[in-house]
Amino acid sequence: MVGTANIEESGASATSRQRLRLILVENDPLAMELVGELLAAYLPGLEVVAHLTGGFDTVDHCTRHRGEADAILMDMHLGDIDGPKVVWQLRHDGDTIPVLGMTSLPLDRYFGALRLAGGQGLCSKRDIRGIAHALHAIVHGESCDGFDSPAQAIRHIQTQHHPLTMLTPTQGRVMDLLARGITDDAIATHLGCSPATVRKHRQHALDRLGAANLREGIVQWNHINRMFGLD
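No gaps in the numbering here: position 186 of the sequence shown is 1045 in the working numbering, and each next residue is one more.
Structure (structure tokens):
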């Protein structure tokens, strides 16, 4: 298992009945329910305080409810934005809640991105026992092999010279097309909106990226995609 914690069986089982308040982020309702039920068998003290299905909702919820939970268990492939970008935004905002990623894909698909984003570990969705042990570790101040603590991640991310601020799905799509040299009129046809609306999305995207002009914005956007290995 890539990047998971080395936890003694006896230590995990001895403390598994301690209360663990968890935010569960999964865009598949059936998978969300199943993961919660299976985890409860290993963590009798588990309390899922919030079920969330999207990345933007997760950032918004965590901003409004800091201190509500002890950890986040997050699927890496969400419907709106990928998990590493969500974690990055939480760290950029100074949120120290530990985050454990999970995926049904090969772990190396997201390992590097999640590590850069400030997560504390990554597990396979099929390894419920491993997820339970890793959750136990991160809520007790440990990080899985290769991952920083939340505080270390915040220090690294807040001093980066290339800020990542999340774009909405439409803004991201507009930037993708602009980076390929597509004109405003062609993008408008593709998206089914007016060129004026495209220009509005473009300006909002540039503002969020902290870019002074389109050329700088495209450089920033391409850097983000390369950095997270999700392009």
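Each residue gets a CB set at the ideal place from its N, CA and C atoms; glycine is no exception.
request  = Tell me A930's beta-bridge partners as DSSP assigns them.
outcome  = A930 pairs with L881.
Which same chain residues, not among the five before or five after R1061, have their C-beta less than 6 Å away from its C-beta? V1033
message: Could you tell me which whole beta strand (DSSP E) segments of length 3 or greater appear in the segment 879-962?
response: Listed in chain order, the complete beta strand (DSSP E) runs (minimum 3 residues) inside the segment 879-962 are 879-884, 905-911, 930-934, 958-962.
Contained alpha helix (DSSP H) runs [length at least 4] in the segment 988-1027, N- to C-terminal order:
1009-1017
Cutoff 7 Å; reference N1081; Cβ partners in own chain excluding five residues on either side = A1038
Across which residues does DSSP place C982 in a beta bridge pair?
M961
- Query: Can you name the start and end residues of the alpha helix (DSSP H) that I1046 belongs to?
  - Reply: 1043-1050
Fill in: Three-way DSSP call (helix, strand, coil) for L1073 in this model
helix
Reference A991; option with closest CA among V894, L1036, P888:
V894
Buried or exposed: where does S1053 fall if 16 or more other Cβ atoms within 10 Å of its Cβ makes it buried? exposed
Rounded to whole angstroms, what is the Cα-Cα separation between T1042 and D1035? 12 Å
- Among T922, Q1079, Y969, which has the Cα closest to the Cα of L1026? Q1079
Below 8 Å, can you find three or more Cβ-Cβ pairs linking the segment 875-886 to the segment 921-932? yes
*If you drop the 5 nearest sequence neighbours on each side, which residues of the same chain put their C-beta closer than 8 Å to that of R1074?*
none
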